[in-house]
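A.B. asks: Quick one: this structure, given as C-alpha cells, is what I'll be asking you about.
There are 4 protein chains.
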Amino acid sequence: MGLQMTIEELEAFIAEVFPQVGGDFVVEDLGEMRIRVRLVTAEKHLRPGGTVSGPSMFALADVAVYMAVLAMIGPQALAVTTNCSIDFMRKPEAGKDLIAECRLLKLGRVLAVGEVLMVSDGGEAPVARASLTYSIPPR
Amino acid sequence: MGLQMTIEELEAFIAEVFPQVGGDFVVEDLGEMRIRVRLVTAEKHLRPGGTVSGPSMFALADVAVYMAVLAMIGPQALAVTTNCSIDFMRKPEAGKDLIAECRLLKLGRVLAVGEVLMVSDGGEAPVARASLTYSIPPR
Amino acid sequence: MGLQMTIEELEAFIAEVFPQVGGDFVVEDLGEMRIRVRLVTAEKHLRPGGTVSGPSMFALADVAVYMAVLAMIGPQALAVTTNCSIDFMRKPEAGKDLIAECRLLKLGRVLAVGEVLMVSDGGEAPVARASLTYSIPPR
Amino acid sequence: MGLQMTIEELEAFIAEVFPQVGGDFVVEDLGEMRIRVRLVTAEKHLRPGGTVSGPSMFALADVAVYMAVLAMIGPQALAVTTNCSIDFMRKPEAGKDLIAECRLLKLGRVLAVGEVLMVSDGGEAPVARASLTYSIPPR
Numbered sequence: 010m011g012l013q014m015t016i017e018e019l020e021a022f023i024a025e026v027f028p029q030v031g032g033d034f035v036v037e038d039l040g041e042m043r044i045r046v047r048l049v050t051a052e053k054h055l056r057p058g059g060t061v062s063g064p065s066m067f068a069l070a071d072v073a074v075y076m077a078v079l080a081m082i083g084p085q086a087l088a089v090t091t092n093c094s095i096d097f098m099r100k101p102e103a104g105k106d107l108i109a110e111c112r113l114l115k116l117g118r119v120l121a122v123g124e125v126l127m128v129s130d131g132g133e134a135p136v137a138r139a140s141l142t143y144s145i146p147p148r
Numbered sequence: 010m011g012l013q014m015t016i017e018e019l020e021a022f023i024a025e026v027f028p029q030v031g032g033d034f035v036v037e038d039l040g041e042m043r044i045r046v047r048l049v050t051a052e053k054h055l056r057p058g059g060t061v062s063g064p065s066m067f068a069l070a071d072v073a074v075y076m077a078v079l080a081m082i083g084p085q086a087l088a089v090t091t092n093c094s095i096d097f098m099r100k101p102e103a104g105k106d107l108i109a110e111c112r113l114l115k116l117g118r119v120l121a122v123g124e125v126l127m128v129s130d131g132g133e134a135p136v137a138r139a140s141l142t143y144s145i146p147p148r
Numbered sequence: 010m011g012l013q014m015t016i017e018e019l020e021a022f023i024a025e026v027f028p029q030v031g032g033d034f035v036v037e038d039l040g041e042m043r044i045r046v047r048l049v050t051a052e053k054h055l056r057p058g059g060t061v062s063g064p065s066m067f068a069l070a071d072v073a074v075y076m077a078v079l080a081m082i083g084p085q086a087l088a089v090t091t092n093c094s095i096d097f098m099r100k101p102e103a104g105k106d107l108i109a110e111c112r113l114l115k116l117g118r119v120l121a122v123g124e125v126l127m128v129s130d131g132g133e134a135p136v137a138r139a140s141l142t143y144s145i146p147p148r
Numbered sequence: 010m011g012l013q014m015t016i017e018e019l020e021a022f023i024a025e026v027f028p029q030v031g032g033d034f035v036v037e038d039l040g041e042m043r044i045r046v047r048l049v050t051a052e053k054h055l056r057p058g059g060t061v062s063g064p065s066m067f068a069l070a071d072v073a074v075y076m077a078v079l080a081m082i083g084p085q086a087l088a089v090t091t092n093c094s095i096d097f098m099r100k101p102e103a104g105k106d107l108i109a110e111c112r113l114l115k116l117g118r119v120l121a122v123g124e125v126l127m128v129s130d131g132g133e134a135p136v137a138r139a140s141l142t143y144s145i146p147p148r
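These protein sequences, in sequence, are chains R, C, V and F.
According to the working numbering, the first sequence holds residues 10 to 148 in order.
According to the working numbering, the second sequence holds residues 10 to 148 in order.
According to the working numbering, the third sequence holds residues 10 to 148 in order.
According to the working numbering, the fourth sequence holds residues 10 to 148 in order.
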C-alpha cells in the first residue's frame with residue numbers, strides 16, 4: 010500500500026475542505042504511514058506570552074493524523090476523529106512555529122490510529138504528544 | 010471548601026487573561042466542583058456543514074475545567090492543562106451552541122481532574138466527552 | 010432498544026468466555042445503557058498495603074463496559090476494546106471491594122463508548138474514572 | 010542526569026515492592042529515559058485463544074514507565090500512576106511474550122510522562138500503545 014496523494018494534493022484538499030484553517034498548516038515531509046506538518050503560528054493561535062494555545066496544538070495533531078490517513082487512502086472528507094488523548098509537557102517557545110511528527114500505527118478497514126510528537130521549531134524537547142483514532146467510512 | 014469566585018468574576022478573569030476567546034464562553038451555572046458553560050458558536054468555530062469543529066470542542070472542555078478549578082481555588086492564571094482525553098461521539102447539530110456540563114472529580118494540592126459532557130443546545134445525546142487534568146502551581 | 014440479556018445471563022457468559030476472571034466480578038445492577046459491577050477483591054488484585062492495583066481497576070472498568078454493551082446487543086464475544094483512558098485519583102481503601110458505575114454514552118453500529126466511575130465499597134470519593142471504546146463486529 | 014539504578018537493582022526493587030508480579034517482567038535493555046521490558050506470558054495473562062489480555066498489557070505499560078522513572082530518580086516506591094491512555098490495535102500473537110519499548114518524554118519535578126509501544130516477541134506490527142503520567146512525590 011503506497012501513498013495515494015502528493016504533498017500538493019493534500020494541501021489543496023485541506024484548503025478546499027477546511028477553508029478556515031487550510032493556510033495554517035504546511036506539510037514539510039510525507040512518507041508511507043508518516044507525515045511532518047508545520048503550524049505556521051499567527052496571532053489567533055497564541056496565548057498571552059506568545060505561546061501556542063492548547064486548542065491550536067490539538068488542531069495540529071488532528072490535522073496531521075488526518076492528512077497522514079488521507080495520503081494513504083486517498084481524499085475522503087468523511088474520515089472523522091473519534092478519540093484523542095493529548096499530553097501537554099512543556100510550554101512552547103514564544104514566537105516559534107510548532108512542528109508535528111506523525112506516525113500511523115494502524116490503518117485498518119474501519120479505524121486508523123496515529124501518534125504525534127510536537128516540538129517548537131528548532132527545539133528538541135517535546136512540547137506535547139497526542140494519539141488519535143480516526144473512523145474511516147466504508148468505501 | 011466553598012466557591013471563591015462568582016460567575017461575573019470568572020468571566021471577567023477569563024476575558025482579561027484570554028482576550029482572544031473570552032467572549033466565546035458564557036457561564037450558565039456554577040456550583041461547588043461543577044460548572045455549565047456555553048460555547049456561543051460563531052463562524053470561526055465551524056466546519057463546512059455548520060457543525061462545531063473538534064478544536065472548538067476541545068477548547069470548550071478545556072475552559073470549562075479551568076473555570077471550575079478557578080472558581081474553587083481563586084484566580085490563578087498559572088494552572089495549566091497537562092492531559093486531555095476526548096471522545097467525539099456524534100456530529101454536533103448545525104447552527105446550535107454547544108453546552109458543556111463539567112464536574113471536578115478531584116481537586117488536590119497539585120492536580121485537579123475534571124470531566125465534561127457536551128451536548129448541542131436543546132439536545133440530549135452527548136456530542137463529546139472529555140476528561141482533563143490540570144496542574145496547580147504552588148501557592 | 011431494550012436489554013437483551015439478564016444479569017444471570019451476563020454473568021454466565023463472562024464466566025464461560027473469561028474463565029480466569031469470571032468469578033471476580035458481580036453485577037449489582039443493570040439497566041438500559043448502564044450497569045453497576047463489583048470487583049470482589051482478592052489477594053491477586055492487591056498491592057502491598059492492601060489497596061487494589063491499577064491493572065485490577067483497568068480490568069474492572071473494561072469488564073463493566075463490555076457487559077453494558079453485551080446487555081444491549083446480546084452475547085458477542087468478539088467485541089474488543091480499542092481504547093481506554095483512565096485517571097487514578099485516590100488510593101482505594103484497603104480491604105474494600107471496588108464498585109464501578111458504568112454508563113454507555115454511545116452505542117453505534119461499529120463503536121460503543123462507555124464511561125466508568127469507581128469508588129471503594131461504601132465510599133463516596135471517586136478512586137478512578139475511565140472511558141473506553143469498544144469496536145463491535147459486524148453482525 | 011544519568012541512570013541511578015542498574016537493571017539488576019530495578020528488578021530486585023520491583024520484586025520486593027510488587028511480589029505478586031515481580032517475576033513477570035524482565036528488563037531487556039535500559040538507558041537514560043528509556044527501557045525495554047518483556048512480559049513473560051503465563052497462563053494468568055492470557056485470554057481464551059492464548060492472546061495476552063488487556064489488563065496484562067496495561068500492567069506491562071505501567072511497570073515499564075515506572076521502572077524507566079525509577080531508573081532515573083532512584084528507588085521511590087511512592088511514585089504513582091495518575092493517568093493512562095492506551096490504544097489496542099492488533100491481537101497479540103498467541104503463545105508469544107510481549108515486548109514493551111518505553112521512552113520518557115518528560116521527567117519533571119512533580120510529573121513524568123512516558124510512552125510505550127508493545128509488540129509480540131519477534132513481531133513488528135504494534136499490538137498496543139500507551140502513554141502514562143506518573144506523579145513523583147516530593148523528596
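For each residue, glycine too, the CB sits at the ideal point set by N, CA and C.
#1: Would you mind telling me which residues of chain V sit closer than 8 Å to serine 65 of chain C, beta carbon to beta carbon, in chain order?
#2: Determine the closest residue to alanine 5 of chain V out of V:Ala109, V:Ala134 and V:Val35, with distance taken between C-alpha atoms.
#3: Within 9 Å of any Cβ in chain R, is that where the Cβ of methionine 42 of chain F sits?
#4: When you compare the CB positions of alanine 103 of chain R and threonine 60 of chain R, do they come within less than 9 Å of one another, or not?
#5: Excluding the 5 residues flanking glutamate 41 of chain F on each side, which residues of the same chain have their C-beta closer than 8 Å to its C-beta?
#6: Answer yes or no: does any C-beta atom of chain C fall closer than 9 Å to that of serine 129 of chain F?
#7: At a Cβ threshold of 9 Å, is leucine 120 of chain C touching chain F?
#8: Kindly indicate which three-state DSSP category isoleucine 145 of chain F falls into: helix, strand or coil?
#9: Any Cβ of chain C within less than 9 Å of the Cβ of threonine 90 of chain F?
#10: Within 10 Å of its beta-carbon, does glycine 123 of chain F have 16 or more other beta-carbons around it, so buried, or fewer, so exposed?
#11: Return the Cβ separation of proline 64 of chain V and proline 64 of chain F in integer angstroms, given the expectation that the two are a contact with Cβ distance under 8 Å.
#12: Please report how far the alpha carbon of serine 94 of chain V lies from the alpha carbon of threonine 15 of chain C, in whole angstroms.
#13: Pull up the distance between the alpha-carbon of isoleucine 23 of chain V and that of alanine 24 of chain C, whole angstroms please.
#14: With a threshold of 9 Å between beta-carbons, can proline 101 of chain C be considered close to chain V, or not?
#15: When burial is assigned at 16 or more other CB atoms within 10 Å of the CB, is alanine 139 of chain C buried or exposed?
#16: Is there a Cβ of chain V sitting closer than 9 Å to that of serine 62 of chain R, yes or no?
#17: Using three-state DSSP, classify valine 36 of chain C as helix, strand or coil.
#18: Would you please verify whether the beta carbon of threonine 142 of chain F is less than 9 Å from any beta carbon of chain C?
#19: Helix, strand or coil for methionine 127 of chain V per DSSP?
#20: Applying the 10 Å Cβ sphere with the 16-neighbour rule, what's the burial state of arginine 118 of chain V?
#21: Going along chain F, which residues have a C-beta under 9 Å from arginine 56 of chain V?
#22: Short of 6 Å in beta carbon distance, which residues of its chain neighbour isoleucine 153 of chain C, apart from the five on each side in sequence? Order them along the chain.
#23: According to DSSP, lysine 53 of chain R sits in a beta bridge with which residue or residues?
#24: Does lysine 8 of chain R come within less than 9 Å of chain C when only Cβ atoms are used?
#25: State buried or exposed for alanine 121 of chain F, treating a residue as buried only when at least 16 other CB atoms are found within 10 Å of its CB.
#26: Measure the CB-CB distance between leucine 69 of chain C and proline 135 of chain V and report whether it falls below 9 Å.
#27: Would you report the Cα separation of phenylalanine 67 of chain F and phenylalanine 67 of chain V, rounded to the nearest angstrom?
#28: Let me check understanding here. Comparing Cα to Cα, which of V:Arg45, V:Glu52 and V:Val30 lies closest to lysine 105 of chain V?
#29: Cβ of aspartate 106 of chain R less than 9 Å from any chain C Cβ?
#30: Which residues mark the beginning and the end of the alpha helix (DSSP H) in which leucine 114 of chain V is found?
#31: On the DSSP letters alone, give me the boundaries of the beta strand (DSSP E) that valine 89 of chain C sits inside.
#32: Going by C-alpha distance, which of R:Arg99, R:Met76 and R:Met98 is nearest alanine 88 of chain R?
#33: What does aspartate 71 of chain V reach in chain C if we use C-beta pairs closer than 9 Å?
#34: Helix, strand or coil for leucine 120 of chain F? Go by DSSP, reduced to three states.
#35: Put serine 62 of chain F into one of helix, strand or coil per three-state DSSP.
C.D. replies: Quick answer:
#1: Near serine 65 of chain C there are no residues of chain V at all, since even the closest Cβ is about 20 Å away, more than 8 Å.
#2: With chain V covering 10 to 148 only, the question about residue 5 of chain V has no answer from this structure.
#3: no
#4: yes
#5: Met10, Gly11, Leu12 and Met81
#6: no
#7: yes
#8: coil
#9: no
#10: buried
#11: 5 Å
#12: 32 Å
#13: 52 Å
#14: no
#15: buried
#16: no
#17: strand
#18: yes
#19: strand
#20: exposed
#21: Val26, Phe27 and Gln29
#22: Only positions 10 to 148 of chain C appear in this structure, which leaves residue 153 of chain C out of reach.
#23: The partner list for lysine 53 of chain R (beta bridge, DSSP) is empty, contrary to what the question assumes.
#24: Because chain R here runs from 10 to 148, residue 8 of chain R falls outside it and cannot be looked at.
#25: buried
#26: no
#27: 8 Å
#28: V:Glu52
#29: no
#30: No alpha helix (DSSP H) contains leucine 114 of chain V, which is instead part of the beta strand (DSSP E) from 107 to 116.
#31: 89 to 97
#32: R:Met76
#33: Result: empty, since nearest Cβ-Cβ is about 16 Å, beyond 9 Å.
#34: strand
#35: coil
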